[in-house]
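For the record, the sequence lines run as chains E and P.
In terms of the working numbering, the first sequence opens at residue 1 and continues consecutively.
In terms of the working numbering, the second sequence opens at residue 1001 and continues consecutively.
Heads up, the beta-carbon is just placed ideally off N, CA and C, and yes, glycines get one too.
All of these numbers come straight from a predicted model, not from anything done at the bench.
These notes are about the structure you will find just below.
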Amino acid sequence: MSRRRRRLAAVLAAFLAGALLLAGCGAAGAPPNLAPQVTAHRPLPANAQVNPEIDNEGAVNDDCGNPTASLRPKGIATPRGSTMAEIKRRGILRVGVDQNTFLFGFRNPATGNLEGFDIAVASEIATALFGDPNRVRFKAITSQQRIDVLRDGTVDVVVRTMTINCERRELIEFSSVYFVAGQRVLVTKRSGYTGLADLAGKKVCATTGSTSLSNIASAASGPVPVAVDNWSDCLVLLQQGQVEAISTDDTILAGMAQQDPATHVVGPKFTSEPYGVGIPKEDTDMVRYVNAVLAKFRKSTWQAVYDRWIEPALGPGTPPEPTYK
Amino acid sequence: MVRDTADRARSQAVPQQPDDARSLFVAALLALPGRGLRSVIRSAAMTPGRLTIIAVGLIGLTAIAALTASFAVRDRSDTLTDLTERREPLAAAAQQVYRALSDADATAASAFLATGEEPEELRQRYENDVAMAGSSLSKAASDPAATPRMTAQIDVISQQLPVYTGLVETARANNRQGFPVGASYLREASALMRSVILPAAEELYRIDTEQVAEQQDDAGGFPLVAALFVVALLAALVATQLYLKRRTNRVLNLGLVMATAAIGVGVLWSVAALTVQSVLIGSGKDDGTEQVEVLVQARIAALKSRADETLTLVARGDGGEGYEQEFILLSKQMAGDDGSGGWLADVAASAKDGTPLASEIALAQESAEQWLRAHAKVRELDNAGNYAEAVQLAIDVGKSDGAAVAFVALDDHLRAAIEEARQSFYDDTTAASRVVTLLAPGWIVLGVVAALGVGAGIRERVREYR
């Protein structure tokens, strides 16, 4: 009997040992991790594209002679039946402008008013017509809308950093040149870059569809173009360290350098962008009138306007000489 | 005989391997069920024994059926309570996350448009929205039963919300200095909100809503297992009575009749209660959650449209066309061309006349109409170049015919309408849960009565053999 009991105890012991062994088998594994390592994703401006497809619509039609040669001014008289008389009858000058480009055409958030070099030019025309710089109705337009609003008569003139070229000349008229810009490069001061040549393989920003973007893409040093909707979006990307540089007209770059003292405009002008006032093709009397206003403007307030807006970022400058047909 | 088997097993095991106790043990274990079975078969051969077995079987079946029925009822009740106290409030929290984020986006853009110092009430509204979004998000995230898909959405929102607020503050700082780059920061913030954060919030809300609908279907489903057991029990009771009648030539056995009656009462009670319950769950769905869903869609569309309206103006004539197109599309889905169509009209058509929901919807439609009219005027002014006037009409809360006033009124009425529809859901579903409150313990009591009946009835017959 006692032998049997011992045997039973042995069986029980064996069972217990087996159960313990089974439970202890296998690795315990790692403790559950509820806070795994995450890395931040940087946000991008709406519609930003790295290395977009750029359709180069062939070489621009350059065989119109000198596109900047405008009609010779004939004084500031406004004879009956002229375009100017029509505007005076209406009592207000309608101008297509930019309200996003700092220093040229932008809305001062503190006052809600439009300010800048282009706005000064528009006011100059209004002053000549009405003797009052405020008789202007500004219409904010995009760069793509510039030619359309002139052709459908929505505005009388467009003063919006508009480069005079042969292609546009086929559709609209231009005044004489009131400012000559050129494409340059904006970089952070710390980066030490001195021009587009230093930016091989680096990301450089410009707006979608602009000539600046094609120029970046075709640059010999081979930078990577980044396209965005608005020029200011480029500055956002530069400030966030998502691009190394911005390249476009120095006027626009100057506006950005003003908004961020850690950046500066570098390198030579590698294009020439003569700005003119856009005018509907049939209003040749208006072209001569605006040219007369600009001739006076170059001699009087041009320098003051330049020194107020542009000089701090791009240094001293002088009014461009007009050329006439 | 049983002992013989066990002994044989032992006597076979011991001589071969005296030290191996295991086979001995196993053999004894294996012999147990055999022993029980044989004793049952032996007593089943005699009628009193057979009757006892029938009684034990019937009482066992009664216990199983009554317990299953009681559990099924309790389970439905629990599901409904979970629905009203946890699941639906979670969906509402997810909706709050979406609303707060979307409103923050629209308000930030409005505040940005104001000239000079940013209006205090807009700043406050934006800050409240962000606080509200954070707080609702933590509620929505507190769901212990969150699926990985829900967790992923919550992750996106909680990772990106601080980035968003950072961008908005950068925009403000630049704007204060008169720098146009501020507008670009705001547009980047808004793009982040619209392309990353809001879709995640929308998805979270959608999953939550799906779960509410699933749980509603669950609670309204047919309790199949319990029904099968109860039917089997009833069949067994009837069969036993027929068997006894044949054997003893007595028509009625009082105990078994009582048992059958108890189970019958349980069935009738259950059918009545569950029918009322499904009707209530159904009306909680039709007048409650389904209305909430459409109203939330409408509110989301209104919020997005408001952001579109202000962002068109923030873009200042450059790249704002996409926003306006979206406004036209969304406002049409929400309220048709003039406030009388779209989702609002759908809800108005299905809301019962004279209810608070119907009157809130009517007011919402009125506000929508006012807003659409104001919006058309804003676009007209802006397109004509009267930017400052357009902005004034769009954001000035002091202008009674302005877009801001109409939008705020619309949002308020939609919020109130959503609350009304939620209340209908809550009332109906809580009532549905209460209908069966007594049924679960009721089944236990009926089960005990039936078991006692079976025991007494069969005992009477067994006694006759002695």
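{"Query": "Taking the straight line between their C-alpha atoms, what separation do you get for residue 1459 of chain P and residue 1031 of chain P?", "Result": "31 Å"}
{"Query": "Using a Cβ-Cβ distance cut-off of 8 Å, determine whether residue 233 of chain E contacts chain P.", "Result": "yes"}
{"Query": "Residues in its own chain within less than 7 Å of residue 1170 of chain P by CB, not counting five upstream and five downstream?", "Result": "1185"}
{"Query": "Under the three-state reduction of DSSP, which class applies to residue 127 of chain E: helix, strand or coil?", "Result": "helix"}
{"Query": "DSSP has residue 100 of chain E in a bridge; who is on the other side?", "Result": "E:106"}
{"Query": "Check the Cβ-Cβ distances between residue 1191 of chain P and every residue of chain E, and say whether any is below 8 Å.", "Result": "yes"}
{"Query": "Output needed in chain order: residues of the segment 1171-1184 of chain P with a Cβ under 9 Å from some Cβ in chain E.", "Result": "1174, 1175, 1176, 1177, 1178, 1179, 1180, 1181, 1182, 1183, 1184"}
{"Query": "Residues in its own chain within less than 6 Å of residue 1363 of chain P by CB, not counting five upstream and five downstream?", "Result": "1413"}
{"Query": "Along the chain, where does the beta strand (DSSP E) containing residue 186 of chain E start, and where does it finish?", "Result": "183-188"}
{"Query": "Mind listing the chain E neighbours of residue 1388 of chain P? Cutoff is C-beta to C-beta under 7 Å, in chain order.", "Result": "112"}
{"Query": "Which word fits residue 66 of chain E, buried or exposed, when buried means at least 16 other C-beta atoms lie within 10 angstroms of its C-beta?", "Result": "exposed"}
{"Query": "Would you list, in chain order, the members of the segment 1150-1163 of chain P that have their beta-carbon closer than 9 Å to a beta-carbon of chain E?", "Result": "1155, 1159, 1160, 1163"}
{"Query": "Who are the Cβ neighbours of residue 1048 of chain P in its own chain at under 6 Å, not counting the five residues just before and after it?", "Result": "1462, 1465"}
{"Query": "With a 10 Å radius around its C-beta and 16 neighbouring C-beta atoms as the bar for buried, classify residue 189 of chain E as buried or exposed.", "Result": "exposed"}
{"Query": "Here's the rule I'm using: 16 or more other beta-carbon atoms within 10 Å means buried, otherwise exposed. How should residue 14 of chain E be labelled?", "Result": "exposed"}
{"Query": "Examine chain E for any beta-carbon lying closer than 8 Å to the beta-carbon of residue 1220 of chain P, and answer yes or no.", "Result": "no"}
{"Query": "Determine the chain E residues that contact residue 1115 of chain P at a beta-carbon separation under 9 Å, and present them in chain order.", "Result": "107, 108, 109, 110, 111, 112, 113"}
{"Query": "Please give me, in chain order, every unbroken run of the alpha helix (DSSP H) with length at least 4 that falls completely inside the segment 1136-1183 of chain P.", "Result": "1148-1176"}
{"Query": "What in chain P is Cβ-close to residue 7 of chain E, meaning under 7 Å?", "Result": "1021"}
{"Query": "Compute the Euclidean distance between the alpha carbons of residue 207 of chain E and residue 1335 of chain P, then round it to the nearest angstrom.", "Result": "37 Å"}
{"Query": "With distances taken from CA atoms, which of E:97, E:227, E:107, E:143 is nearest residue 1181 of chain P?", "Result": "E:107"}
{"Query": "Between which two residues does the beta strand (DSSP E) carrying residue 247 of chain E extend?", "Result": "245-249"}
{"Query": "Report back the beta-carbon spacing between residue 1310 of chain P and residue 1106 of chain P to the nearest angstrom; my notes put them in contact at under 8 Å.", "Result": "6 Å"}
{"Query": "For residue 70 of chain E, which residues does DSSP report across the bridge?", "Result": "E:324"}
{"Query": "Please report the distance separating the alpha-carbon of residue 1304 of chain P from that of residue 282 of chain E.", "Result": "44 Å"}
{"Query": "CB-CB under 7 Å to residue 1079 of chain P, same chain, minus the five flanking residues each way: which ones, in chain order?", "Result": "1215, 1218, 1219"}
{"Query": "Straight-line CA distance for residue 201 of chain E to residue 223 of chain E?", "Result": "5 Å"}
{"Query": "Along chain P, which residues have their Cβ under 9 Å away from the Cβ of residue 102 of chain E?", "Result": "1178, 1179, 1180, 1181"}
{"Query": "Against chain P, does residue 117 of chain E count as a neighbour if the rule is that its beta carbon must be under 8 Å from one of theirs?", "Result": "no"}
{"Query": "Give a yes or no on whether the C-beta atoms belonging to residue 1468 of chain P and residue 1410 of chain P are separated by under 8 Å.", "Result": "With chain P running from 1001 to 1466 in the structure shown, residue 1468 of chain P is simply not present."}
{"Query": "DSSP on residue 1458 of chain P, reduced to helix/strand/coil?", "Result": "helix"}
{"Query": "From this set, P:1201, P:1229, P:1167, which residue's C-alpha is nearest residue 237 of chain E's C-alpha?", "Result": "P:1167"}
{"Query": "If I'm right that residue 1178 of chain P touches residue 110 of chain E with Cβ under 8 Å, what's the distance once you round it to whole angstroms?", "Result": "6 Å"}
{"Query": "Leaving aside the five residues before and after residue 159 of chain E along the sequence, list all residues of the same chain whose C-beta is less than 7 Å from its C-beta, in chain order.", "Result": "95, 97, 118, 121, 122, 277"}
{"Query": "Are the beta-carbon atoms of residue 1408 of chain P and residue 1399 of chain P separated by less than 8 Å?", "Result": "no"}
{"Query": "Can you tell me the Cα-Cα spacing of residue 1118 of chain P and residue 1273 of chain P, whole angstroms?", "Result": "60 Å"}
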